[in-house]
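Residue numbers (our numbering), protein chains in the order written: chain A, 1187 to 1481; chain B, 380 to 632.
Ideal Cβ placement from N, Cα and C applies to all residues, glycine included.
Here the structure comes first, spelled out in structure tokens, and everything after it is commentary.
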Amino acid sequence: MTPAAELCDVRKIYKRTAALDGLTLTFPAGRVVGFLGPNGAGKTTTFRVLLGLVKAAHGTARLLGEEVPDNLARVVRRVGAIVDGPALYDTLTASDNLRVARSSRQSAGNIEDTLRLVGLSERADDRVAGYSKGMRQRLALGMALLDDPDLLLLDEPMDGLDPAGQRDLRDLLGTLANHHAKTVVISSHVLADVQALADHVVVINRGKLVAAGGVDELVGADRTRLVVEDPSPAIEILAGHGLNATIDQGRIFVETNEPRRVAELLGAASIYPSELIRERRSLEQVFLEITGEGR
Amino acid sequence: MKGLLVAEWIKATKRKLPWVLGLISLALSGLSTTFTLVLADLLEGAEEVIVPAPTKPEAYVTALQSAAGNTWVPIVLTTVIVAGEYAKGTWPVALTWNSSRVRHLTAKFLVMTAISAVIILLTAILTLSITAVLARGDGFLGIDEIGVIVAKVLLVQVAWVAISMLGSVLFRSAALAVGLTLGFSLTEQILGLVPVYRRVSLNNAVTGLFGQFDFQGIFPIYVPDPPIAAAILGGWTAFAVALTLTIGTTRDA
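Written out as structure tokens, the structure reads:
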């Protein structure tokens, strides 16, 4: 299957700073992709290169199989995007903003349906200047969805949404990906949301790819965490049974998702943990480890 | 292209700016035409110290010149809307809907020209009406003459919209673009008195285009013949359009 988007050795320099430093990555098609990186990692620049908003100094970029920016006109109507915040026409109403988007795209998108989808039907005729940040974000999403795009590139779509709005957006994006076979690429700082939504993750830092793969693959298998009075004999016993155990700040971490077996092995040696928990690493932990941001 | 024209039309006409500019243009030109025609009657002996009031049919040309001279209309309209789009970040958003920057810029150029031309033509209708009532003498302009005048008004608007578009893509801030383009327009009037520049001066060309107003030696101004004036305006327009497209299509959004 043709990837939804790819970058190959892309370099983009702003003044003397390399926003993208030989970045090579792939956003697979038909998946919800979490696009992660610390502030200034190059996420927004990546979207901007793919959408032809900025020109890369080096490398190639492809969007829905077409090289961009040269062939962007062939595919741009199949892409919906929010880049760098919800920029809207403040002097216009939500309906007029959507009308402008529809005319510019020459699409047949239904404005009323779109307003209903993003929950703005009742405020459709109000000027956008009076909207809250969350409402602006929802309208921007509506403008991106108007033409029923195959690919959504969403830069911080959760930003400004209240918990209910975040839940609604998660549900909407999940439906789009699962039932309508859309590719959704989300950059977000809310890693719990990305973990809940995405099935593939791409992590960049300082303009370079740091990690990419399935969420489960990156997060890894569950592990067992335990606390005992004297860790050394416990680690020896576990190692003797082929279990990889490490100690960190007085806690033992065992690479197994079977805490019962750990308890049995240690119990046979009369070692009784005061704490024994099966734990799943969060995407946030993985992100902090691989980007070095946690140090 | 049609879709982009509709989009630009919605963006421009759904805001108050064109209406406010239209009202100011009508008020300013209406008042200035009225005073030009009645000042000599109001002040005893005024004809000896100020320019005498023009009589018909020349007074109609003066009235049209007064309307077409509102070059601040296309400047403010274009820079506030186009540069404002850069400043507020909606320009990259628009490019995600339709990636052709040339088409976007062309649509903006055409819509800004159309709106400023409508404002100036309405202003011209007002100043002509005031002149018909207040000016002395007889006669009116023929249909042919009116057609030529409308074309001239359009030519002036096109030139100033093109220059304002250039200011917008260059400065990308409504405040900077309005200030500097209006500043250029005012400076240009003074430069029009400088021998090395006056033959390419836009303001001199506008005066020359409508051509029959006699300044009675008040200013040592160069007033080109209408065909040369049209060529000067055309040259400025081509220069500004070429530079706008070059900058607008090569700079990062």
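Limits of the beta strand (DSSP E) - the one that residue i falls within
i: H1244 (chain A); result: H1244 to L1249
i: L1412 (chain A); result: R1409 to V1413
Cβ shell of residue i (< 7 Å), same chain only, five flanking positions each side left out
i: G596 (chain B); result: Per-residue confidence for G596 (chain B) stands at a pLDDT of 48, beneath the threshold of 50, marking its modelled position as unreliable; the derived number appears in the next sentence. Cβ within range, chain order: n/a, list empty.
i: V1376 (chain A); result: M1344
i: G401 (chain B); result: I498 and L501
i: T1203 (chain A); result: none
i: I403 (chain B); result: none
i: T1432 (chain A); result: F1439
i: V537 (chain B); result: T492 and T616
Cut-off 8 Å between Cβ atoms - residues of its own chain near residue i, not counting five sequence neighbours on either side
i: N1443 (chain A); result: A1407, D1408, R1409, T1410 and R1464
i: I509 (chain B); result: G409, T412, T413, L416 and A442
i: M1187 (chain A); result: P1214, A1215 and G1216
Bridge partner(s) assigned by DSSP for residue i
i: L1337 (chain A); result: A:V1265 and A:T1369
i: N583 (chain B); result: According to DSSP, N583 (chain B) bridges with nothing at all.
i: K435 (chain B); result: According to DSSP, K435 (chain B) bridges with nothing at all.
i: V602 (chain B); result: Answer is none; V602 (chain B) lacks a bridge partner.
i: V1219 (chain A); result: A:V1371 and A:H1386
i: R1313 (chain A); result: A:T1279
i: R1437 (chain A); result: A:D1434
i: F1213 (chain A); result: A:A1191
i: D1299 (chain A); result: Paired residue(s): none; D1299 (chain A) is not in a bridge.
i: K1394 (chain A); result: A:N1391
i: T1203 (chain A); result: A:Y1200
i: G1400 (chain A); result: A:H1386
Proximal chain B residues relative to residue i, where beta-carbon distance stays under 8 Å
i: V1448 (chain A); result: Residues of chain B passing the Cβ test: none, with the nearest at roughly 52 Å.
i: D1270 (chain A); result: G468 and P471
i: V1376 (chain A); result: Ordered by position in chain B, no residue passes the 8 Å Cβ test against V1376 (chain A), which lies about 22 Å from the chain.
i: V1371 (chain A); result: Those do not exist, as V1371 (chain A) stays about 14 Å from chain B at its closest Cβ, beyond 8 Å.
N- and C-terminal bounds of the alpha helix (DSSP H) containing residue i
i: V385 (chain B); result: K381 to T392
i: F324 (chain B); result: Nothing about residue 324 (chain B) can be read from this structure; chain B reaches only from 380 to 632.
i: I1463 (chain A); result: Counting along the chain, I1463 (chain A) falls outside any alpha helix (DSSP H), though it belongs to the beta strand (DSSP E) covering E1461 to E1465.
i: F550 (chain B); result: I522 to F550
i: Y1200 (chain A); result: Run containing Y1200 (chain A): none in the alpha helix (DSSP H); it sits in the beta strand (DSSP E), A1191 to Y1200.
i: A473 (chain B); result: T469 to W476
i: G463 (chain B); result: G463 to A466
i: V575 (chain B); result: P574 to R577
i: V1254 (chain A); result: Element bounds for V1254 (chain A): not the alpha helix (DSSP H) but the beta strand (DSSP E), E1252 to V1254.
i: F519 (chain B); result: Here F519 (chain B) belongs to no alpha helix (DSSP H), and DSSP marks it neither H nor E.
i: R1344 (chain A); result: Per the sequence shown, the amino acid found at residue 1344 (chain A) is Met instead of Arg. Segment: none, M1344 (chain A) is in no alpha helix (DSSP H) and carries neither H nor E.
i: T1442 (chain A); result: Premise fails: T1442 (chain A) is in no alpha helix (DSSP H) and is neither H nor E.
i: A1455 (chain A); result: From DSSP, A1455 (chain A) is part of no alpha helix (DSSP H); its letter is neither H nor E.
i: I569 (chain B); result: A553 to L570
Beta-carbon proximity list for residue i, same chain, < 6 Å, skipping 5 on both sides
i: L622 (chain B); result: L545
i: L1445 (chain A); result: Per the sequence presented here, residue 1445 (chain A) reads as Pro, with Leu not at that position. Here the set comprises T1410, L1462 and R1464.
i: R633 (chain B); result: Residue 633 (chain B) lies beyond the range of chain B shown here (380 to 632); nothing can be said about it.
Integer Cβ distance of residue i from residue j, believed to fall under 8 Å
i: T492 (chain B); j: V540 (chain B); result: 5 Å
i: P433 (chain B); j: A514 (chain B); result: 7 Å
i: T502 (chain B); j: L405 (chain B); result: 6 Å
i: V461 (chain B); j: S564 (chain B); result: Between S564 (chain B) and V461 (chain B) the Cβ distance is about 16 Å, and since that is not below 8 Å, they are no contact.
i: G1400 (chain A); j: D1385 (chain A); result: 6 Å
i: R1264 (chain A); j: L1337 (chain A); result: 6 Å
i: N477 (chain B); j: L383 (chain B); result: 6 Å
i: K435 (chain B); j: G521 (chain B); result: That pair is no contact at about 13 Å.
i: N583 (chain B); j: V602 (chain B); result: 6 Å
i: L1303 (chain A); j: G1245 (chain A); result: Not confirmed; about 36 Å, so no contact.
Neighbour list for residue i in chain B, Cβ cutoff strictly below 7 Å
i: Q1292 (chain A); result: G382
i: A1267 (chain A); result: T475
i: V1380 (chain A); result: Within chain B, no residue comes near V1380 (chain A); the closest Cβ sits about 22 Å away, beyond 7 Å.
Near the ligand SAH: residue i beta-carbon under 8 Å from a heavy atom
i: I454 (chain B); result: With respect to the ligand SAH, the structure shown offers nothing to examine, as it has no ligands at all.
Below-9 Å beta-carbon distance, residue i vs any chain D residue
i: R394 (chain B); result: The structure shown contains no chain D; its protein chains are A and B.
Contact set between residue i and chain B, taken where Cβ atoms lie within less than 9 Å
i: A1287 (chain A); result: A386, V472, A473 and W476
i: K1175 (chain A); result: One cannot answer for residue 1175 (chain A) here, as it falls past the ends of chain A, which runs 1187 to 1481.
Beta-carbon neighbours of residue i, restricted to chain A and to distances below 9 Å
i: K467 (chain B); result: A1273, L1274, Y1275 and D1276
i: K328 (chain B); result: The structure shown does not extend to residue 328 (chain B), since chain B is modelled only from 380 through 632, so no value can be given for it.
i: A632 (chain B); result: R1234, L1237, G1238, L1239 and V1240
i: S547 (chain B); result: Neighbours of S547 (chain B) on chain A: none; closest Cβ ~16 Å, over 9 Å.
Within chain A, partners of residue i - CB distance below 7 Å
i: S479 (chain B); result: A1259
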